[in-house]
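The sequence shown runs 448 to 739 under the working numbering.
Please read the structure below before turning to the comments.
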Amino acid sequence: MTVKSPDAVGAPPPEQAPEPQSNSGSIPDQCRALVNSRTFELFIVGVIVFNAIVLGLGTYADIASRYEPLFATIYNVILGIYVVELLIRLTAYRWNPREFVKDGWNVFDFIVVVASFIPALRANAMLLRLVRLLRIVRLVRFLPDLRILVSAAGRSVPGIASLAAATFVLIFIYGMLGWVLFSGHDPANYGNVGLAMLTMFVMLTLENFPDNVAMGQTVSPWSIVYFISYVLLASFLIFNLFIGIVLNAMEEARGADRKEHETDDLLTRLRDAREALEQAEEELQKAHRDDR
448 MTVKSPDAVG APPPEQAPEP QSNSGSIPDQ CRALVNSRTF ELFIVGVIVF
498 NAIVLGLGTY ADIASRYEPL FATIYNVILG IYVVELLIRL TAYRWNPREF
548 VKDGWNVFDF IVVVASFIPA LRANAMLLRL VRLLRIVRLV RFLPDLRILV
598 SAAGRSVPGI ASLAAATFVL IFIYGMLGWV LFSGHDPANY GNVGLAMLTM
648 FVMLTLENFP DNVAMGQTVS PWSIVYFISY VLLASFLIFN LFIGIVLNAM
698 EEARGADRKE HETDDLLTRL RDAREALEQA EEELQKAHRD DR
């Protein structure tokens, strides 16, 4: 037990050192909370949609000529909003480029914003319109379902590329067979391997299938085997494989999205636990100073 001296009785308490501040209220954490908030996302989505509307109105010659100064001002204001958004996101990542570029959408946003300030692009009306059009693509970032579709499209590229190669080989084989069988009877469609392959490619949609079957029947009744086998292999089998590749990519994209959300939730819980530990440590230090 500590015994206070008589001189200390009734005296004002000694001036204490300022308590250490928790990082929970730091500017980067506040920016992170802001960019993760639904209100912020809805605001940026509204800006992107408004940008799309203005771009659409600019395609009408009479409106564009009448309100050209207003449109220029709107474009600059929208660009300013995007710059502020980018700065907020950079601050949320504590201006750490390595962490910032881990998210591909951050890289895309950075490129679109920086491209808007390149003098060569601003001087070229067509390129400037393309850059402004790219801003609309940012809408994908704020729509989870659309983001999953885009991710699935990217994941399906290797499988689709392999399927496209197999389709090319199949079309080439049947094109060569068609040239051998029908070049003398239908030179417009089978006069060379290029025309024959083009005919086979169009037949993937079954658009010219009846006409080609009718032409083949004038050559030989057995030509039906050629056309039916091609339709079964190309139209049905390949399209079903294509659908399977896309569906598999969709499942992978959904799984990756769920895992990302689980990781974000875990990081949030860890951050909350760290803040709670820091607060408890501050309280212990304060209690220790009071005991003194």
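No residue lacks a Cβ here, since even glycine has one placed at the ideal position from N, Cα and C.
- Three or more Cβ pairs closer than 8 Å define a contact, and the region 712-724 falls short of that threshold against the region 633-643.
- The Cβ atoms of L610 and L502 do not sit closer than 8 Å to each other.
- Cβ contact annotation for T538 (same chain, cutoff 8 Å, sequence separation greater than five): I474, P475 and C478, in chain order.
- If one requires a minimum length of 3 residues, no beta strand (DSSP E) run lies completely within the region 505-549.
- Here the C-alpha atom of S603 lies approximately 34 Å from the C-alpha atom of L717.
- With the rule of 3 Cβ pairs closer than 8 Å, the region 614-626 does not count as touching the region 588-601.
- The C-alpha of V587 lies about 18 Å from the C-alpha of I525.
- Within the same chain, Cβ atoms closer than 6 Å to the Cβ of V554 are found at V548, the five residues on either side in sequence being excluded.
- Within a 10 Å sphere around the beta-carbon of I583 sit fewer than 16 other beta-carbons, which makes this residue exposed.
- Under the 10 Å beta carbon count, D712 is surrounded by fewer than 16 other beta carbons and is classified as exposed.
- For W552, the enclosing alpha helix (DSSP H) begins and ends at G551 to A562.
- If you draw a straight line from the Cα of I671 to the Cα of A700, it comes to about 42 Å.
- Excluding residues up to 5 positions away in sequence, S598 lie with their Cβ nearer than 8 Å to the Cβ of A703 in the same chain.
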